[in-house]
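Q: Below is a structure I'd like to ask you about.
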Amino acid sequence: MLDAIIHSAHQELRRQSMAQLILSIAQIGVAIIMTVIATYLGVVLFNRATRHLDEWAELRRGNVAMGLVVASIIVGIALILRPALTVPPVVDADLRLYPIYALLTQAAGLAVGLVLALSGIVLAVALFDLLTGEIDELTELQKGNVAVAALLAAIVLAVSWLMSGAIQYIMAWFGTLIM
Numbered sequence: 122m123l124d125a126i127i128h129s130a131h132q133e134l135r136r137q138s139m140a141q142l143i144l145s146i147a148q149i150g151v152a153i154i155m156t157v158i159a160t161y162l163g164v165v166l167f168n169r170a171t172r173h174l175d176e177w178a179e180l181r182r183g184n185v186a187m188g189l190v191v192a193s194i195i196v197g198i199a200l201i202l203r204p205a206l207t208v209p210p211v212v213d214a215d216l217r218l219y220p221i222y223a224l225l226t227q228a229a230g231l232a233v234g235l236v237l238a239l240s241g242i243v244l245a246v247a248l249f250d251l252l253t254g255e256i257d258e259l260t261e262l263q264k265g266n267v268a269v270a271a272l273l274a275a276i277v278l279a280v281s282w283l284m285s286g287a288i289q290y291i292m293a294w295f296g297t298l299i300m
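Residues in the sequence shown are numbered from 122 upward in steps of one, following the working numbering.
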């Protein structure tokens, strides 16, 4: 009798482990797709925010300064979106619905995180541009000024790093709304 109970519990644990593995693979897929979309949108939005500067042309030209800034935007978006990938644990919920809950929470978190990431990065760059009136950062980037690029990249990364903490709390709050 005890062996039957142990065997049954072992089978249930195995089934739950397989379900968790499948869910984890699905979450990785969602994360990859959303990250590629997020980074592309981030670069496109930055390109639109800097109307007189064509980032793609500068990158094709081998402009290292522009490469640093674009790379910092990509890393910054990843820093901001990282907390959005965390799925809050389910409390007092139907565990059969957990995979749907987890994927919905992750997708919603990535969407909200993406909007906040792009808005925060563009706002940070615009504010920095306003505060440093004597330096035209975009012209300096176009000239290949690596010092200005490093400073701008540091600002993007610092803002992104600080935003990621706030995003974590927003996502935790958002997760409570879904359940």
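The beta carbon of each residue, even a glycine, is placed where N, CA and C say it ideally should be.
1) Work out the CA separation of G254 and Q227 for me, nearest whole Å.
2) Between L259 and the rest of its own chain, which residues show a CB-CB distance below 6 Å, the 5 nearest in sequence each way excluded?
3) For N266, which residues from the same chain have a beta carbon less than 8 Å from its beta carbon, with the 5 sequence-adjacent residues on both sides left out?
4) Only counting the same chain, and skipping five residues up and downstream in sequence, which positions put a Cβ closer than 8 Å to that of I256?
5) Taking the alpha-carbon of L278 as reference, which of S145, I158, L206 and A238 has the nearest alpha-carbon?
6) Residues in its own chain within less than 7 Å of I288 by CB, not counting five upstream and five downstream?
7) Between which two residues does the alpha helix (DSSP H) containing T260 stretch?
8) Just the Cα atoms here: how many angstroms apart are L251 and A147?
9) With a threshold of 8 Å on Cβ separation, who are the neighbours of P220 within its own chain once the five nearest residues in sequence on each side are excluded?
10) Is the Cβ-Cβ distance between Q151 and L231 less than 9 Å?
11) Buried or exposed for A245, going by 16 or more other Cβ atoms inside 10 Å?
12) Mind pulling the beta strand (DSSP E) runs of 3 or more residues that sit fully within the stretch 271-300?
13) Would you check if the distance between the CB atom of V190 and the CB atom of A274 is smaller than 9 Å?
A: Per the coordinate set shown:
1) Inter-residue distance for Q227 and G254 is about 40 Å (C-alpha atoms, whole angstroms).
2) So the qualifying residues of the chain are T171 and L174.
3) Taken in chain order, the residues that qualify are A186.
4) Taking I256 as the centre and dropping the five residues before and after it, the same chain places the C-beta of V269 closer than 8 Å to its C-beta, in chain order.
5) The residue with the shortest Cα to Cα distance from L278 is A238.
6) Within the same chain, I288 has close Cβ partners I201, P204, A205, G234 and L237.
7) Segment E258 to K264, the alpha helix (DSSP H) holding T260.
8) L251 and A147 have their C-alpha atoms roughly 43 Å apart.
9) Excluding sequence neighbours, P220 sits near A140, I143, L144 and A147.
10) The sequence given here has Val at residue 151, not Gln. Yes; because the gap between Cβ atoms is below 9 Å, this pair is in contact.
11) Under this definition A245 is a buried residue.
12) Listed in chain order, nothing qualifies, since the stretch 271-300 has no complete beta strand (DSSP E) run of 3 or more residues.
13) Taking 9 Å as the Cβ cut-off, V190 and A274 qualify as a contacting pair.
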